[in-house]
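Notes follow once the structure below has been shown.
Residue numbers (our numbering): 28 to 194.
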């Protein structure tokens with residue numbers, strides 16, 4: 028996923044809006060998680076109706092693939108997001124802004140992991156509904172955070188002059 032930082036740095040220089048680039052990649056990265064939920068629901072229904080075994084290994088491979096693709100897209104938007112926020116946040120407040128943001132991000136991650144750890148093992152009637160609950164909650168909060176990010180104003184793109192001798 029961190030390879031996305033290299034791709035993102037190259038790609039965001041070619042778009043007119045940091046905001047649109049960041050939102051597009053963030054929305055795509057987050058929306059990918061619909062796939063594992065969709066296939067889990069489809070295979071669970073097939074298991075209920077036809078008695079077919081749930082393809083657990085296939086599902087976990089799908090989750091791993093989605094995680095890699097999502098991380099690549101998410102990391103690709105990181106450089107543009109940082110440029111966007113750098114232009115919005117006054118220089119004398121940046122340290123406090125990014126420090127507080129990091130503090131709240133870490134508190135959110137810790138709370139989400141504790142909640143997920145308590146729900147993942149939930150299996151009423153042998154169905155892994157804990158995974159479904161965690162995945163659904165993740166998608167809901169991804170949609171909310173993308174919506175909140177869309178409310179942040181865009182900035183005028185300022186291109187730096189090319190250095191002498193650069194391509």
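Even for Gly, the Cβ is constructed at its ideal location relative to N, Cα and C.
Open item on the list: On the CB-based measure, 16 or more other CB atoms within 10 Å of its CB, does residue 92 come out buried or exposed?
Closed with: Counted from its first residue, the chain shown places residue 92 at position 65. With fewer than 16 other Cβ atoms within 10 Å, it is exposed.
- [ ] Can you tell me which of the three DSSP states residue 63 falls into?
- [x] In the chain shown, the residue the question calls residue 63 occupies position 36. Helix.
Open item on the list: With H, G and I counted as helix, E and B as strand and the rest as coil, what does DSSP make of residue 183?
Closed with: Stepping through the chain shown from its first residue, residue 183 is reached at position 156. Note: residue 183 maps to coil in three-state DSSP.
Task: Burial state of residue 195 (16 or more Cβ within 10 Å) - done: The requested residue 195 is not part of the displayed model; the chain covers only 28 to 194.
TODO: Please list the segments of the alpha helix (DSSP H) lying wholly inside the segment 114-186, counting only runs of 4 or more residues, in order along the chain.
DONE: DSSP runs (the alpha helix (DSSP H)) wholly in the segment 114-186: 121-146, 156-177.
Task: 8 angstroms CB neighbourhood of residue 193 in its chain, flanking five on each side removed - done: By 1-based counting over the chain shown, the position of residue 193 is 166. Below a pLDDT of 50, predicted positions are generally treated as unreliable, and residue 193, at 48, falls in that range; the measurement from the model is reported next regardless. Counting only Cβ-Cβ distances below 8 angstroms, and skipping sequence neighbours, we find nothing.
Open item on the list: Output needed for residue 158: all residues of its chain with C-beta closer than 8 angstroms, excluding positions within five of it in sequence on either side, in chain order.
Closed with: Taking the first residue of the chain shown as 1, we reach residue 158 at position 131. Correct list, in chain order: 67, 147.
- [ ] Ignore the nearest five residues each way along the sequence and tell me which others in residue 64's own chain have a CB closer than 6 angstroms to its CB.
- [x] Residue 64 sits at position 37 when you count from the first residue of the chain shown. Only 162 meet the Cβ criterion.
Task: Cβ pair residue 106, residue 53 closer than 7 angstroms - done: Within the chain shown, residue 106 is the residue found at index 79, counting from 1. Within the chain shown, residue 53 is the residue found at index 26, counting from 1. Not in contact: residue 106 and residue 53 (Cβ atoms no closer than 7 angstroms).
Open item on the list: residue 142 and residue 96 - do their beta-carbons sit closer together than 7 angstroms?
Closed with: As a working mapping, residue 96 is identified with position 69 in the chain shown. As a working mapping, residue 142 is identified with position 115 in the chain shown. Residue 142 is positioned such that its CB atom lies no closer than 7 angstroms to that of residue 96.
Open item on the list: Checking 7 angstroms against the spacing of the C-beta atoms, do residue 110 and residue 155 come in under that value?
Closed with: Counted from its first residue, the chain shown places residue 110 at position 83. Counted from its first residue, the chain shown places residue 155 at position 128. No, Cβ-Cβ distance for residue 110 and residue 155 is not below 7 angstroms.
TODO: Give the single residue among 86, 182, 80, 126 whose Cα lies nearest to the Cα of residue 153.
DONE: As a first step, residue 153 must be located in the chain shown, where it is residue number 126. That would be 80, whose Cα lies nearest to the Cα of residue 153.
Task: Backbone secondary structure at residue 34 - three-state DSSP - done: Along the chain shown, read from residue 1 onward, the residue named residue 34 stands at position 7. Here residue 34 sits in helix by DSSP.
- [ ] Mind checking which residues open and close the alpha helix (DSSP H) that includes residue 84?
- [x] As a working note, residue 84 is residue 57 in the chain shown. Unbroken alpha helix (DSSP H) run through residue 84: 83-103.
TODO: Determine the extent of the alpha helix (DSSP H) in which residue 79 is found, giving its start and end residues.
DONE: Position 52 of the chain shown, counted from the first residue, corresponds to residue 79. Premise fails: residue 79 is in no alpha helix (DSSP H) and is neither H nor E.
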